[in-house]
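In terms of the working numbering, the sequence shown is residues 3 to 130. Just so it is clear, CB atoms sit at the ideal spot from N, CA and C, and this is done for glycine as well. Report on one structure; see the data block that follows.
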Amino acid sequence: MPDTPAAPTARPAPTAPAPLSAEDAKLVVLARGARGRVAAVEGAAVRDQDGRTYAAASVALPSLTLTALQLAVASAVAAGASRLEAAVVVTEASTLDGAGHSAVRDLAADAPIHVAAPDGTVLGTVTE
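Below is the structure:
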């Protein structure tokens with residue numbers, strides 16, 4: 003079995019929020035819905051190169067822990083996505099988790115990752 007790298011721990015800080023396009027605002031709604039349905043810590047949504055969207059909530063099991071953004075990216079990849087256009091994570095944290103950031107960057111070096119509060123207010127955007 004190949005060695006797997008340790009999960010990234012860096013927490014990229016979002017820059018000042020930019021106005022969202024209608025499509026990115028839709029991602030906020032989807033992420034909030036995913037979080038709310040299961041009362042998860044985080045919700046996330048991504049949009050792929052074909053405009054398809056994928057939403058997910060964080061998973062915390064004794065044998066499996068995934069951030070919402072990791073699961074949304076994994077869902078997109080499992081459905082055949084090869085590139086992401088944008089991502090949103092809804093969280094109570096003020097920064098983006100390193101693992102979710104890395105998952106998005108695996109498919110898109112330049113896709114904006116919007117960080118929003120549970121009420122949907124966009125706190126900022128990570129572009130790095």
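Reduced DSSP category for residue i - H, G, I as helix; E, B as strand; rest coil
i, result
"R49", "strand"
"E25", "helix"
"A110", "coil"
"L98", "coil"
"A80", "helix"
Spatial neighbours of residue i in its chain, beta-carbon cut-off 7 Å, leaving aside the 5 residues before and after
i, result
"S77", "Y56 and A58"
"L32", "A47, T55 and A57"
Beta-carbon spacing of residue i, residue j below 8 Å
i, j, result
"D26", "A88", "yes"
"A113", "V124", "no"
"A70", "G45", "yes"
Endpoints, the alpha helix (DSSP H) within which residue i is located
i, result
"V43", "Run containing V43: none; DSSP gives neither H nor E here."
"L68", "Note, L68: premise wrong, no alpha helix (DSSP H); beta strand (DSSP E) at L66 to L68."
Sequence-distant residues of the same chain with beta carbon closer than 6 Å to residue i, five excluded per side
i, result
"V30", "V90, A118 and G122"
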